[in-house]
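In my numbering, the protein residues as written are 638 to 961.
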Amino acid sequence: MKKFLIIRFSSIGDIVLTTPVLRCLKNKYPDCEIHYLTKKAFASVIASNPYVSKVIAIDKEVKEVMSELKNEGYDFVVDLHKNIRSRQTKSIVNSNSKSFSKLNWQKWLLTSFKINKMPDTHIVDRYLEVVGGLGVINDYQGLDFFISEKNEVKEVPFDKYVCLVVGAAHATKAMTTKKMVEVINAIDANFILIGGPGEKEKAEEVIKQSINKNLFNACGGFNIEQSASLLKQSQCVITPDTGMMHIASALDKPVISIWGNTVPEFGMYPYIPQNKDLVHIIEVEGLSCRPCSKIGYSNCPKKHFNCMNQLQVNHIKKRIEEYI
Numbered sequence: 638m639k640k641f642l643i644i645r646f647s648s649i650g651d652i653v654l655t656t657p658v659l660r661c662l663k664n665k666y667p668d669c670e671i672h673y674l675t676k677k678a679f680a681s682v683i684a685s686n687p688y689v690s691k692v693i694a695i696d697k698e699v700k701e702v703m704s705e706l707k708n709e710g711y712d713f714v715v716d717l718h719k720n721i722r723s724r725q726t727k728s729i730v731n732s733n734s735k736s737f738s739k740l741n742w743q744k745w746l747l748t749s750f751k752i753n754k755m756p757d758t759h760i761v762d763r764y765l766e767v768v769g770g771l772g773v774i775n776d777y778q779g780l781d782f783f784i785s786e787k788n789e790v791k792e793v794p795f796d797k798y799v800c801l802v803v804g805a806a807h808a809t810k811a812m813t814t815k816k817m818v819e820v821i822n823a824i825d826a827n828f829i830l831i832g833g834p835g836e837k838e839k840a841e842e843v844i845k846q847s848i849n850k851n852l853f854n855a856c857g858g859f860n861i862e863q864s865a866s867l868l869k870q871s872q873c874v875i876t877p878d879t880g881m882m883h884i885a886s887a888l889d890k891p892v893i894s895i896w897g898n899t900v901p902e903f904g905m906y907p908y909i910p911q912n913k914d915l916v917h918i919i920e921v922e923g924l925s926c927r928p929c930s931k932i933g934y935s936n937c938p939k940k941h942f943n944c945m946n947q948l949q950v951n952h953i954k955k956r957i958e959e960y961i
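In structure tokens, the structure reads:
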């Protein structure tokens with residue numbers, strides 16, 4: 638029996654994007670054992686995945702689990718992070734390995750000079766290239782996100798509703814309060830606002846300013862799997878470029894994907910190859926300052942935040958109305 642170690646330390650969306658590797662690896666080697674090394678903060682993202690035999694989680698340092706890694710006897714290490722920690726892991730395990738290429742200089746060219754040398758390839762396919770030498774191929778069944786029975790939300794405030802993801806890891810990737818209010822007021826629908834504890838206050842302000850009062854603030858009240866359950870039961874999901882966008886894609890939901898300072902050309906847009914019609918990209922095209930970062934900022938470097946402020950509500954409304 639082969640034993641594989643997959644490495645991806647963070648974050649929510651990036652880990653969800655690795656799930657086709659797990660499934661396709663299991664398709665090729667049905668009797669194999671797959672272990673997943675990640676940070677404790679994100680272990681719940683992969684905890685219910687049936688293709689993973691064991692999740693090994695660290696707080697900060699790989700040395701926390703060094704003896705455990707040494708004793709496992711892995712046949713192959715799949716490094717989908719490629720950083721100092723993953724290099725340390727490979728030296729500890731001392732087995733055959735293959736690493737993901739981050740294309741950092743291509744991203745730098747795109748953010749610094751708006752020269753696009755990025756391959757026209759989704760990051761999922763680039764992840765799968767890492768295990769291509771093992772005979773693993775893409776089954777084109779999309780992403781996976783599994784919700785344990787205990788985390789299925791049985792009682793929701795509305796029979797039919799739209800999910801609106803409030804925040805993102807960086808402010809320049811998230812919709813403004815004003816823009817969310819405009820979207821909500823333009824559509825006759827129920828809304829559940831999704832996010833973590835850090836978005837609760839912003840969601841409350843959205844509710845306060847909205848004419849539409851058929852709103853429920855779920856921010857901070859549900860864990861990741863429970864939030865995913867709310868997404869799964871929705872009619873569609875409005876979301877910025879963030880982890881919940883990829884979870885919604887994994888659940889085969891219609892995704893209205895809102896882009897701010899980042900761009901789909903980075904290769905991390907919603908991945909639903911089995912039903913591409915569910916993916917709707919909403920962005921302000923032609924801005925000379927965009928993308929300004931491959932990740933994001935706490936504030937717009939140019940002070941105008943045109944990538945979000947100039948979004949056309951009618952474009953978002955049109956897509957939502959296809960599903961309500």
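The beta carbon of each residue, even a glycine, is placed where N, CA and C say it ideally should be. Since the structure is predicted, the reported quantities are computational estimates derived from the model, not experimental observations.
Assumed close pair residue i, residue j - CB separation to whole angstroms, cut-off 8 Å
{"i": "tyrosine 966", "j": "serine 894", "result": "The question about residue 966 has no answer here: the residues shown for the chain are numbered 638 through 961."}
{"i": "leucine 717", "j": "threonine 655", "result": "5 Å"}
{"i": "isoleucine 961", "j": "valine 699", "result": "Contact doesn't hold; Cβ gap of about 47 Å is too wide."}
{"i": "alanine 805", "j": "aspartate 878", "result": "7 Å"}
{"i": "cysteine 944", "j": "glycine 897", "result": "5 Å"}
{"i": "methionine 673", "j": "valine 692", "result": "A small correction: the amino acid at residue 673 is tyrosine; methionine does not occupy that position in the sequence shown. 5 Å between Cβ atoms; contact."}
{"i": "threonine 899", "j": "lysine 810", "result": "6 Å"}
{"i": "glutamine 872", "j": "lysine 797", "result": "6 Å"}
Span of the beta strand (DSSP E), counted from its first residue to its last, around residue i
{"i": "threonine 675", "result": "670-676"}
{"i": "valine 579", "result": "Outside the modelled stretch of the chain, which goes from 638 to 961, sits residue 579, for which no answer is possible."}
{"i": "leucine 765", "result": "Segment 760-767 is the alpha helix (DSSP H) holding leucine 765; no beta strand (DSSP E) there."}
{"i": "asparagine 854", "result": "852-854"}
Coarse secondary structure for residue i, derived from DSSP in three states
{"i": "isoleucine 893", "result": "strand"}
{"i": "isoleucine 953", "result": "helix"}
{"i": "isoleucine 831", "result": "strand"}
{"i": "leucine 976", "result": "Since the first residue of the chain shown is 638 and the last is 961, residue 976 is not available in this structure."}
{"i": "leucine 717", "result": "coil"}
{"i": "asparagine 788", "result": "helix"}
{"i": "lysine 810", "result": "helix"}
{"i": "serine 847", "result": "coil"}
{"i": "isoleucine 649", "result": "helix"}
{"i": "asparagine 822", "result": "helix"}
{"i": "lysine 837", "result": "helix"}
{"i": "leucine 948", "result": "coil"}
{"i": "glycine 770", "result": "helix"}
{"i": "lysine 751", "result": "coil"}
{"i": "glutamate 842", "result": "helix"}
{"i": "glutamate 958", "result": "helix"}
Segment limits, alpha helix (DSSP H) that includes residue i
{"i": "proline 657", "result": "656-665"}
Below-8 Å beta-carbon distance, residue i vs any chain B residue
{"i": "isoleucine 884", "result": "Reference to chain B is not applicable here, since this structure consists of a single protein chain."}
Beta strand (DSSP E) runs contained entirely in the stretch 860-945, provided each spans 3 or more residues = 873-877, 892-895 and 916-919
_Which complete alpha helix (DSSP H) runs does the stretch 680-746 hold, if anything under 4 residues is left out?_
680-683, 703-709 and 721-730
Legend entry - Given 8 Å, three or more beta-carbon pairs between the stretch 778-789 and the stretch 639-658: yes
Does the stretch 828-838 come close enough to the stretch 850-862 to have 3 or more Cβ pairs within less than 8 Å? yes
Is there contact here, the stretch 924-934 with the stretch 665-672, by at least three beta-carbon pairs under 8 Å? no
Note to self: Could you check whether the stretch 816-825 touches the stretch 953-960, counting it as contact only if at least three pairs of C-beta atoms, one from each stretch, sit closer than 8 Å?
What the structure shows: yes
- Three or more C-beta pairs closer than 8 Å, one from the stretch 639-651 and one from the stretch 879-887: is that the case here? yes
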